[in-house]
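In the working numbering, the protein residues as written are 4 to 434. From the three backbone atoms N, C-alpha and C, an ideal C-beta is built for every residue, glycine too. This one's a predicted model, so the numbers in the text were calculated from it and none came from an experiment. Some notes on the structure that comes next.
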Amino acid sequence: MTITWISTCPAEQWVARSVERPLNAVSGPALTTGKTILENFKGFGGCFNELGWKALQLVDDNVRQTILAELFSTDACAFNYCRLPIGANDYSEIWYSHNETAGDFAMAAFSIARDHKYLIPFIEAAREMRGEDFILFASPWSPPTWMKFPQAHNYGTLVWDPEYRKAYADYFVRFVQAYSDAGIAIDAVHVQNEPNSDQKFPSCIWTGAKMRDFIRDDLGPAFKAAGLETEIWAGTIERGDFNAWAGTIFSDAEAAAYITGAGFQWAGKHAVQRTRQAFPHLPIIQTENECGDGTNTWDHAHYVFDLIQHYISNGAEAYVYWNMVLKPQGESTWGWQQNSMITIEPENLAVIYNPEFYVMKHFSAFIRPGAQVLATVGPMAANALAFRNLDGTTVVVIQNPGDAPRAVPLSLGEETLALTLPPLSINTIRF
Numbered sequence: 004m005t006i007t008w009i010s011t012c013p014a015e016q017w018v019a020r021s022v023e024r025p026l027n028a029v030s031g032p033a034l035t036t037g038k039t040i041l042e043n044f045k046g047f048g049g050c051f052n053e054l055g056w057k058a059l060q061l062v063d064d065n066v067r068q069t070i071l072a073e074l075f076s077t078d079a080c081a082f083n084y085c086r087l088p089i090g091a092n093d094y095s096e097i098w099y100s101h102n103e104t105a106g107d108f109a110m111a112a113f114s115i116a117r118d119h120k121y122l123i124p125f126i127e128a129a130r131e132m133r134g135e136d137f138i139l140f141a142s143p144w145s146p147p148t149w150m151k152f153p154q155a156h157n158y159g160t161l162v163w164d165p166e167y168r169k170a171y172a173d174y175f176v177r178f179v180q181a182y183s184d185a186g187i188a189i190d191a192v193h194v195q196n197e198p199n200s201d202q203k204f205p206s207c208i209w210t211g212a213k214m215r216d217f218i219r220d221d222l223g224p225a226f227k228a229a230g231l232e233t234e235i236w237a238g239t240i241e242r243g244d245f246n247a248w249a250g251t252i253f254s255d256a257e258a259a260a261y262i263t264g265a266g267f268q269w270a271g272k273h274a275v276q277r278t279r280q281a282f283p284h285l286p287i288i289q290t291e292n293e294c295g296d297g298t299n300t301w302d303h304a305h306y307v308f309d310l311i312q313h314y315i316s317n318g319a320e321a322y323v324y325w326n327m328v329l330k331p332q333g334e335s336t337w338g339w340q341q342n343s344m345i346t347i348e349p350e351n352l353a354v355i356y357n358p359e360f361y362v363m364k365h366f367s368a369f370i371r372p373g374a375q376v377l378a379t380v381g382p383m384a385a386n387a388l389a390f391r392n393l394d395g396t397t398v399v400v401i402q403n404p405g406d407a408p409r410a411v412p413l414s415l416g417e418e419t420l421a422l423t424l425p426p427l428s429i430n431t432i433r434f
């Protein structure tokens, strides 16, 4: 049996460590892997945002290619399941939509011309690194302003008249078709980013009932009439109220017939377990990592580990980071400073790999699309996740959230290994 142990802690990043075998010095119950709890894990990724691509333009092409390789190449983070906005979000350079021509119900003025400046080059560079195994989903933060009341990118609701709903469904269709014409397949759309949050940045308020009706009566039929293979997902849900959202949407058979799965983020994590319980065969993904405050601390990195553990152990088939690359402090267009995996210093062009880069890499560098998620059993089970790749390798990712070393016996089949996890560490064991 060949065993690899990679460890990261505040003092040491990405260090190969030795494994004691067989066990002779550590007593107590071992961490073991159990039955399969998810058959087909789809992958990890991040969101393509304008300010991320702008940050990448600070460095020369060689450095930029190195950063992109660290995120997307198969011998690094190997991100394969990524997100992009439909129109502006809070990490776009300006607020915009793909059709600001008031009253253009026929979508004659629809255009993704702006995306050719930022998002499409970012996506193309990532796909070039990652290869064919690349999944891309998209969601709007706001409809075009003329479709809303009040008419603004932030706040407000979609005008709930049939003519507006039909035009907005066509807006989604045109987006998918325009990206296809640009050579980029949109694998899925989620109806609205954080549909129950009235934000200072681009946003739009929905209810679960309205999302259900829009999918059933407008978006689903529009995709079907256009012959699109792009999936429709109920997302990205940021509330923990199962009954108001997933329970409402998926209990309607006509709406559910058009929907592939559900996407959750932020407080939506509190609805994942009940959604899995109610709809055991429904695909679920996590859609946006909680973003911190721009200080990129190790404490928040361990919080991100907890998020990954929660979502995946409760059946999420993908985990998506938020901003992959930003300038220091990562300030949004509305003033919120947020974390990123990588920071680029404008003054000296230093490239800093932040703690959450290593948390994500501890998973994504070893776990391949199609992996099984295995149950973990033992005292450290709530701080661990286990996977079995299609090639037969098994990967266990364990954190030690404490400030002292932690002895952990790890049972691998008939063999038990002795691990002493460094304080405040993330560890990947592949065998």
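Since L87 and A128 are thought to touch, with beta carbons under 8 Å apart, how far apart are those beta carbons, to the nearest angstrom?
Not really, about 13 Å apart at Cβ, beyond 8 Å.
Between F434 and I70, is the Cβ-Cβ spacing less than 7 Å?
no
According to DSSP, G48 sits in a beta bridge with which residue or residues?
V323
With distances taken Cα to Cα, identify the nearest neighbour of I126 among L161, A109, A72.
A72
Between the beta-carbon of L413 and the beta-carbon of L420, is there less than 7 Å?
Between L413 and L420, the gap from beta carbon to beta carbon is short of 7 Å.
Could you tell me whether the region 286 to 295 touches the region 98 to 110, where touching means 3 or more Cβ pairs closer than 8 Å?
no
Use the C-beta contact count for P205: other C-beta atoms within 10 angstroms, 16 or more gives buried, fewer gives exposed.
buried
Take W98 and list the residues in its own chain whose beta-carbon comes closer than 7 Å to its own, dropping the five residues that flank it on each side.
A91, H156, P205
Evaluate R168 with the Cβ neighbour count: other Cβ atoms within 10 Å of its Cβ, from every protein chain shown; 16 or more gives buried, anything less gives exposed.
buried
In the DSSP assignment, what residue or residues form a beta bridge with V376?
L41, F390
Is I370 near Q402, with beta carbons less than 7 Å apart?
no
Are there 16 or more other CB atoms within 10 angstroms of the CB of E53, so buried, or fewer, so exposed?
By the neighbour-count rule (16 or more Cβ atoms within 10 Å), E53 is buried.
Grouping DSSP H, G and I as helix and E and B as strand, with all else coil, what is Q289?
Reduced to three states, the DSSP call for Q289 is strand.
If we count Cβ pairs, one from each stretch, closer than 8 Å, do we get three or more for the region 225 to 238 versus the region 169 to 186?
yes
Determine which residues share a DSSP beta bridge with H193 and list them.
W236
Helix, strand or coil: which one does DSSP assign to I70?
Three-state result, I70: helix.
Using alpha carbons as the reference points, say which of W17, L231, K203, N196 lies closest to E268.
Rather than Glu, the amino acid found at residue 268 in this sequence is Gln. The shortest Cα separation from Q268 among W17, L231, K203, N196 belongs to N196.
Among the residues of its own chain, which have a CB less than 7 Å from the CB of H313, if the five just before and after it don't count?
K272
Do L377 and T39 count as a contact pair if the criterion is CB distance below 7 Å?
yes
Hey, which unbroken runs of the beta strand (DSSP E) at 3 residues or more fall wholly within the region 129 to 179?
Whole beta strand (DSSP E) segments, 3+ residues: 138 to 143.
Report all residues from its chain with a CB closer than 6 Å to the CB of F51; omit the five preceding and five following residues, and keep chain order.
L87, L122, F125, I126
Using 8 Å as the threshold, is the region 214 to 221 in touch with the region 249 to 257, meaning 3 or more CB pairs across them?
At 8 Å Cβ cutoff, the stretches touch.
Determine whether the beta carbon atoms of D368 and T379 lie at a separation below 7 Å.
Looking at the sequence provided, one finds Ala at residue 368 rather than Asp. Contact flag unset, no.
For V179, tell me which candidate among C207, L222, T210, S200 has the shortest Cα-Cα distance.
L222
Using C-beta distances below 7 Å, list every residue in its chain close to N317, excluding the 5 sequence neighbours before and after it, in chain order.
V275, Q276, R279
Under 8 Å: do the region 391 to 409 and the region 61 to 68 share three or more Cβ pairs, one atom per stretch?
no
Should the region 11 to 26 be regarded as contacting the region 54 to 64, the criterion being three or more beta carbon pairs within less than 8 Å?
no
Closest by CA to D406, which one among I9, G46, P13, M4?
P13
Whose C-alpha, out of G230, S183, E166, F82, is nearest the C-alpha of R133?
F82
Buried or exposed: where does A116 fall if 16 or more other Cβ atoms within 10 Å of its Cβ makes it buried?
exposed
If N326 sits next to Q341, beta carbons under 8 Å apart, how far is it from one beta carbon to the other, in whole angstroms?
6 Å
Using C-beta distances below 8 Å, list every residue in its chain close to P408, excluding the 5 sequence neighbours before and after it, in chain order.
So the list reads T423, L424, P425, P426, once near-sequence residues are dropped.
Within 10 angstroms of the Cβ of L352, are there 16 or more other Cβ atoms? Answer buried if so, exposed if not.
exposed
Residues in its own chain within less than 6 Å of I240 by CB, not counting five upstream and five downstream?
W248, F267, G271
Is it right to say P283 is buried, meaning 16 or more other beta carbons lie within 10 angstroms of its own, or is it exposed?
exposed
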